[in-house]
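> Numbering (this note's numbering), first residue to last: 144 to 286. Note that the Cβ used here is the ideal one computed from N, Cα and C, for glycine as well.
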Amino acid sequence: MFLGTHTPRLDDKGRLILPAKFRDELAGGVVITKGQERCLYVFPMPEFQRIAEQLRAQPMTSKAARAYSRVFFASAHDEVPDKQGRVTIPAHLRGYAALDRDLVVIGASTRVEIWDKAAWESYLAESEDEFADIEEGVLPGGL
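Okay, structure coming up:
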């Protein structure tokens, strides 16, 4: 399970050093793809394969499933982190998430998310007030 918030920097070659506590689980390979709210999702390969199976199980007649699959898979980039725990974020994904030098990398349970630092701070400021109200809808009965 991926947990926590980290603030690495993107180097001049578009590489990110993965947080040390995430490296073991991601060492076998990752898939980086577009996420919601203009962040990037980073999946360990087994988790990406599980999601791919779920998407393949959707009927081809589902317009929403086709549209989601197209964007999800077409933007995906697979890579094995180097010995320093670095991964290269392709230019098209850096552009999608408006990634500059300063990043925020969060653990989001079964995936890691990469955010531009300013975008994350804005998202957090907007969503923190709603956090308490959302709980009941997400976790029926509450904690």
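Less than 6 Å between C-beta atoms, sequence neighbours within five positions excluded: which residues of the same chain meet that for Asp221?
These residues qualify, in order along the chain: Val174.
> Please report the straight-line C-alpha distance between Leu198 and Leu236, rounded to a whole angstrom.
Going by the C-alpha atoms only, they are around 21 Å apart.
> Using C-beta distances below 7 Å, list every residue in its chain close to Ile277, excluding the 5 sequence neighbours before and after it, in chain order.
Within the same chain, Ile277 has no close Cβ partners at all.
> For the alpha helix (DSSP H) that Glu196 lies in, which residues bound it at each end?
Where Glu196 is concerned, the enclosing alpha helix (DSSP H) stretches over Met188 to Arg199.
> What residue from Thr148, Ile194, Phe274 and Ala234 has the CA that sits closest to Phe165's CA?
Here the closest residue by C-alpha is Thr148.
> According to DSSP, is Arg229 helix, strand or coil?
Reduced to three states, the DSSP call for Arg229 is strand.
> According to DSSP, simplified to helix, strand and coil, what is Ala251?
In the structure shown, Ala251 sits in a strand (DSSP, three-state: E or B).
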